[in-house]
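**Student:**
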Amino acid sequence: MAAARTLRIGLIPGDGIGREVIPAGRRILESLPASLNLKFSFVDLEAGYDTFQKTGTALPDKTVDILKKECDGALFGAVSTKVAGYSSPIVALRKKLDLYANVRPVKTTAGNSNGKPIDLVIVRENTEDLYVKEERTIDTPNGKVAEAIKRISENASYRISKIAGEIALSRQSIRDAAPGTATRSQPMVTITHKSNVLSQTDGLFRETARRALAAEKFSSVFVEEQIVDSMVYKLFRQPEFYDVIVAPNLYGDILSDGAAALVGSLGLVPSANVGDNFAIGEPCHGSAPDIEGMGISNPIATIRSVALMLEFLGEMNAAAKIYAAVDGNLDAAQFLTPDMGGKATTQQVLEDVLKRL
Ligand code: ATP
Ligand code: MG
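The sequence shown begins at 1 in the UniProt record's numbering and counts up one residue at a time.
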């Protein structure tokens, strides 16, 4: 047998229930079957509001340095955002590590689908568009006028579309690794834009996405496009139709929150912040101060984020095993946390998923 691959993972629990769910994520990695030939080492890192109060910064340089120098990937819990005057460490981390894609899979299982099996992922560009935050307000004789720059570049549009294509292929290989549960036979990418109105900015995004996805490597991927307003309509009417949706920053932001609403609890939805050389798994929920310390936070979003991180580290088989264990837990519906209508604790859900691994 070849030597085991060892991956070093930074653990950034942050605040609130981040401290309850990130340890669950670690246990999942430690408990992967030996047959996968994967080993993990961990390093605990600080960020968030408590860190800010202790050290005066929400994202210590040491955290960034260790991630850059030592780690293959990371798990980020949640940080409290209730405080003015301090900027979010995850936003800073995305910049410092050039994590230009935000990836949010939204999936139901037989147990929580209301009949429609949803299994899609939104791939959001994370560095430009209206988020360049170049705004100005002009006083005119007719009153104030405010403007904002929407910047779309060929490079950023290309790399986000390429990653969307790669995710489509990776999802197909995960479906192939778990036959019998597959919901589609061909990967698909939907390009979202509003080029009928914004012919230059969104026009460039659309054209570049088309070019990126026309590469030979993506020949098995079916590529289609949707104007963003009709995208919203179809996403809610027919979510089961979609596989991978790629979007510029703002549309991606709106679509990914909307899509998360399709599956019930925030406690189920994972995400990843992805660049060319690094991936951080992050549950979509926040620090949930209302349930902090009660031992009932749902660990599934984090467990799925672990799998997503592994996908970007090239470990599709490990990811497929974790997804299958989570689906098993949800379908059996025996151990569910209160946000899912159950009575189980974080620990009981974790143990049930571990048993299925
Ligand atoms: P923050 O400012 O950190 O975002 P918040 O008050 O907005 O905190 P969220 O974490 O965004 O809280 O959660 C919104 C709601 O969803 C809360 O009622 C919370 O309890 C619930 N929730 C979020 N995550 C989970 C989870 N993992 N398990 C159970 N319930 C959750
Ligand atoms: Mg919140």
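Glycine included, every Cβ here is placed at the ideal spot set by N, Cα and C.
Between ILE17 and the rest of its own chain, which residues show a CB-CB distance below 8 Å, the 5 nearest in sequence each way excluded?
**Tutor:** Only GLY77, ALA78, HIS285, SER287, ALA288, ILE291, GLU292, SER297 meet the Cβ criterion.
**Student:** Helix, strand or coil, according to DSSP, for GLN172 in the structure here?
**Tutor:** Helix, per DSSP.
**Student:** If we count the other Cβ atoms within 10 Å of its Cβ and call it buried at 16 or more, is ASP202 buried or exposed?
**Tutor:** ASP202 should be labelled buried.
**Student:** Please check the pair LEU262 and VAL106, which I expect to be a contact at CB under 8 Å, by giving their CB distance rounded to whole angstroms.
**Tutor:** Sure, about 6 Å apart at Cβ, within 8 Å.
**Student:** Taking DSSP as the reference, what is the three-state secondary structure of MET294?
**Tutor:** In this structure, MET294 counts as coil in the three-state DSSP scheme.
**Student:** Can you tell me the Cα-Cα spacing of VAL91 and ASN126, whole angstroms?
**Tutor:** When rounded, the distance between both Cα atoms is 10 Å.
**Student:** Heavy atom of the ligand ATP less than 7 Å from the Cβ of LEU266, yes or no?
**Tutor:** Yes, Cβ of LEU266 sits closer than 7 Å to a heavy atom of the ligand ATP.
**Student:** Can you list, in chain order, the residues of its chain with a C-beta nearer than 6 Å to that of GLN53? Leave out the 5 residues immediately preceding and following it.
**Tutor:** Contacts found: none.
**Student:** Can you pull the DSSP bridge partners for ASN273?
**Tutor:** Paired residue(s): ASN102, ILE280.
**Student:** Please classify ILE66: does DSSP put it in a helix, a strand, or coil?
**Tutor:** Helix at ILE66.
**Student:** Less than 8 Å between the C-beta atoms of VAL43 and GLU70, yes or no?
**Tutor:** In contact: VAL43 and GLU70 (Cβ atoms closer than 8 Å).
**Student:** Would you mind reading off the limits of the alpha helix (DSSP H) that contains PRO89?
**Tutor:** Unbroken alpha helix (DSSP H) run through PRO89: 89-96.
**Student:** Leaving out five residues on either side along the sequence, give the residues of the same chain with a beta carbon under 8 Å from the beta carbon of residue 366.
**Tutor:** The requested residue 366 does not occur in the structure, where the chain is confined to residues 1 to 357.
**Student:** Less than 8 Å between the CB atoms is what I'm expecting for LEU36 and LEU11, so what's the real figure, rounded?
**Tutor:** With a Cβ gap of about 20 Å, LEU36 and LEU11 do not count as contacting.
**Student:** Per DSSP, which residues does THR51 bridge with? Please list them.
**Tutor:** According to DSSP, which records beta bridges pairwise, THR51 is partnered with nothing at all.
**Student:** For ASP339, which residues of its own chain have a beta-carbon under 6 Å away from its beta-carbon, when the five flanking residues on both sides are left out?
**Tutor:** SER265, GLY267, ASN298.
**Student:** For a test of your reading of the model: does the CB of residue 372 fall under 7 Å from any non-hydrogen atom of the ligand ATP? Yes or no.
**Tutor:** The chain is shown from 1 up to 357; residue 372 falls before or after that span and cannot be answered.
**Student:** Considering Cα atoms alone, identify which of GLY48, ARG124, THR140 is closest to LEU93.
**Tutor:** The residue with the shortest Cα to Cα distance from LEU93 is GLY48.
**Student:** As a quick exercise: from PRO248, PRO117, ALA168, ALA3, pick the residue whose alpha carbon is nearest that of LEU198.
**Tutor:** Closest option to LEU198, Cα to Cα, is PRO248.
**Student:** Answer yes if the stretch 57-73 comes into contact with the stretch 303-316, meaning at least three C-beta pairs across the two stretches below 8 Å, and no otherwise.
**Tutor:** With the cut-off at 8 Å, the stretch 303-316 and the stretch 57-73 touch.
**Student:** Report buried or exposed for ASP119, applying the criterion of at least 16 other Cβ atoms within 10 angstroms of its Cβ.
**Tutor:** Looking at its Cβ environment, which holds 16 or more other Cβ atoms inside 10 Å, ASP119 is buried.
**Student:** Just to check, is the beta-carbon of ALA288 closer than 7 Å to a non-hydrogen atom of the ligand ATP?
**Tutor:** Correct: ALA288 has its Cβ closer than 7 Å to the ligand ATP.
**Student:** Is the beta carbon of TYR100 less than 8 Å from the beta carbon of ARG159?
**Tutor:** Yes. Within cutoff.
**Student:** Along the chain, where does the alpha helix (DSSP H) containing GLU135 start, and where does it finish?
**Tutor:** Looking at the DSSP string, GLU135 is not in any alpha helix (DSSP H); the run it does join, the beta strand (DSSP E), is 135-140.
**Student:** Is VAL263 close to the ligand ATP? I mean its beta-carbon at under 7 Å from any heavy atom of the ligand.
**Tutor:** No; taking the cut-off as 7 Å, the Cβ of VAL263 has no heavy atom of the ligand ATP nearer than that.
**Student:** So, for ALA301: in the same chain, excluding its five sequence neighbours on each side, which residues have a beta-carbon less than 8 Å away from its beta-carbon?
**Tutor:** Closer than 8 Å at the Cβ level, and outside the excluded window around ALA301, lie VAL21, LEU266, GLY267, LEU268, VAL269, PRO270, PRO283, CYS284, HIS285.
**Student:** Quick one: which unbroken beta strand (DSSP E) runs of 3-plus residues sit fully inside the stretch 198-267? Chain order, please.
**Tutor:** Within the stretch 198-267, the complete beta strand (DSSP E) runs of at least 3 residues are 222-227, 244-247.
**Student:** Between the Cα of ALA320 and the Cα atoms of PRO13, VAL132, GLN172, which residue gives the shortest distance?
**Tutor:** Residue GLN172 is the option with its Cα nearest to ALA320.
**Student:** In the DSSP assignment, the beta strand (DSSP E) including ARG124 goes from what residue to what residue?
**Tutor:** 119-125 is the extent of the beta strand (DSSP E) around ARG124.
**Student:** Kindly list the residues whose CB is nearer than 7 Å to the CB of ASP15, restricted to its own chain and excluding five residues on each side of it in sequence; keep chain order.
**Tutor:** Closer than 7 Å at the Cβ level, and outside the excluded window around ASP15, lie GLY48, TYR49, ASP50, ALA78, VAL79, SER80, SER287.
**Student:** Report yes if the CB atom of GLU224 is closer than 8 Å to the CB atom of THR190, and no otherwise.
**Tutor:** Yes, Cβ-Cβ distance for GLU224 and THR190 is below 8 Å.
**Student:** Quick one: is ILE167 buried, meaning 16 or more other Cβ sit within 10 Å of its Cβ, or exposed?
**Tutor:** It is buried - the Cβ of ILE167 has at least 16 other Cβ atoms within 10 Å.
**Student:** Quick one: what does DSSP say GLY56 is sitting in, helix, strand or coil?
**Tutor:** GLY56: coil per DSSP, three-state reduction.
**Student:** Closest by CA to GLY56, which one among VAL274, ARG124, SER87?
**Tutor:** Answer by Cα proximity: SER87.
**Student:** Report the option in PRO179, GLY165, SER230 whose CA atom is closest to the CA atom of SER219.
**Tutor:** Measuring from the Cα of SER219, the nearest candidate turns out to be GLY165.
**Student:** Can you pull the DSSP bridge partners for residue 359?
**Tutor:** The question about residue 359 has no answer here: the residues shown for the chain are numbered 1 through 357.
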